[in-house]
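Colleague:
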Amino acid sequence: MKKELIELRINGRAQELAIEPNALLLDVLRQDLGLTGSKRGCDDSSCGACTVLVDGAAMMSCTLLAASCEGQEITTIEGVSEHGSLAAIQKAYGDWGGAQCGYCTPGFIMTVKSLLAENPNPSESEVRAALSSNLCRCTGYNQMYEAIRAAIAEEQKGTLSSFARPDGRGRPSPHEHCHG
1 MKKELIELRI NGRAQELAIE PNALLLDVLR QDLGLTGSKR GCDDSSCGAC
51 TVLVDGAAMM SCTLLAASCE GQEITTIEGV SEHGSLAAIQ KAYGDWGGAQ
101 CGYCTPGFIM TVKSLLAENP NPSESEVRAA LSSNLCRCTG YNQMYEAIRA
151 AIAEEQKGTL SSFARPDGRG RPSPHEHCHG
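One point on numbering: in UniProt numbering, the residue at position 95 of the sequence shown is 95, and numbering is uninterrupted.
#1: Which word fits residue 126, buried or exposed, when buried means at least 16 other C-beta atoms lie within 10 angstroms of its C-beta?
#2: Please state if the CB of residue 76 and the CB of residue 29 are separated by a distance shorter than 8 Å.
#3: Quick one: Cα of residue 117 to Cα of residue 55, how far?
#4: Any contact between the segment 32-48 and the segment 104-113? By contact I mean 3 or more CB pairs, one from each, below 8 Å.
#5: Using the Cβ count rule (16 or more neighbours within 10 Å means buried), how would you classify residue 82?
#6: Below 8 Å CB to CB, which residues in the same chain sit around residue 159 once its five sequence neighbours on both sides are set aside?
#7: Under 6 Å Cβ to Cβ from residue 72, same chain only, skipping five residues before and after it: list those, please.
#8: Quick one: Cα of residue 156 to Cα of residue 9, how far?
#9: Would you tell me roughly how many angstroms separate the C-alpha atoms of residue 27 and residue 137, rounded to the nearest one?
#10: So who's on the other strand from residue 18, going by DSSP bridges?
#11: Using a 10 Å radius around the Cβ and a threshold of 16 neighbouring Cβ atoms, would you call residue 146 buried or exposed?
#12: So residue 100 and residue 139 are in contact, right, with Cβ under 8 Å, and what is the actual spacing, rounded?
#13: Assuming residue 7 and residue 14 form a contact by the criterion Cβ under 8 Å, report the distance between their Cβ atoms to the nearest whole angstrom.
#14: Report the option in 130, 24, 141 and 61 whose CA atom is closest to the CA atom of residue 115.
#15: In whole angstroms, what separates the C-alpha of residue 97 from that of residue 112?
#16: From this set, 124, 3 and 132, which residue's C-alpha is nearest residue 67's C-alpha?
#17: Between the C-alpha atoms of residue 142 and residue 94, what's the straight-line distance to the nearest angstrom?
#18: In whole angstroms, what separates the C-alpha of residue 154 from that of residue 84?
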């Protein structure tokens, strides 16, 4: 199959690539650009592990043709950090045990970033609805929801270090998620 030359804007940088017309965005990101944070989990847009932002909207890259994204801003998990530091949602996921094996975490974080850009103070039901397209096989999701609440609070208050857990026990230990 003949390759075509396209230009994608990924994490704020223009990338000129020669790709096959049927190349999926996930494959271009992982294989051509070495951006391996987005994961392959299902190949049918049912798990969310491959979620990236396209012009700010959460999109599953495992079924999205790369060429269809030409002229749009693509953000991957590698482009989420803020000035060399973890974004609030990334830090909260780590602090609150929101990731266990971590395979699905980039997809969840990208979905949450999209939600918070659209609605900085979503209700619990709005968070759950947004995340309904993402699947985690390791957690019961509670730590993820706590991390999201913490990130929302951090954005509103300006400090992640002052969070207390909803049960009032303070921050969980880094390994607490393994027990619950």
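The C-beta atom is built at its ideal place from N, Cα and C for all residues, glycine as well.
Just so it is clear, the structure is predicted and the values come from calculations on it, not from any experiment.
Modeller: Judging by the given coordinates:
#1: exposed
#2: yes
#3: 11 Å
#4: yes
#5: exposed
#6: With a pLDDT of 47 at residue 159, under the threshold of 50, the modelled position of that residue is not reliable, and no figure is offered here.
#7: Contacts found: 54 and 55.
#8: Distance between the alpha carbons of residue 156 and residue 9: 30 Å.
#9: 23 Å
#10: 5
#11: That one is buried.
#12: 5 Å
#13: 6 Å
#14: Shortest Cα-Cα distance from residue 115 to any of 130, 24, 141 and 61 involves 130.
#15: 16 Å
#16: 3
#17: 14 Å
#18: 18 Å
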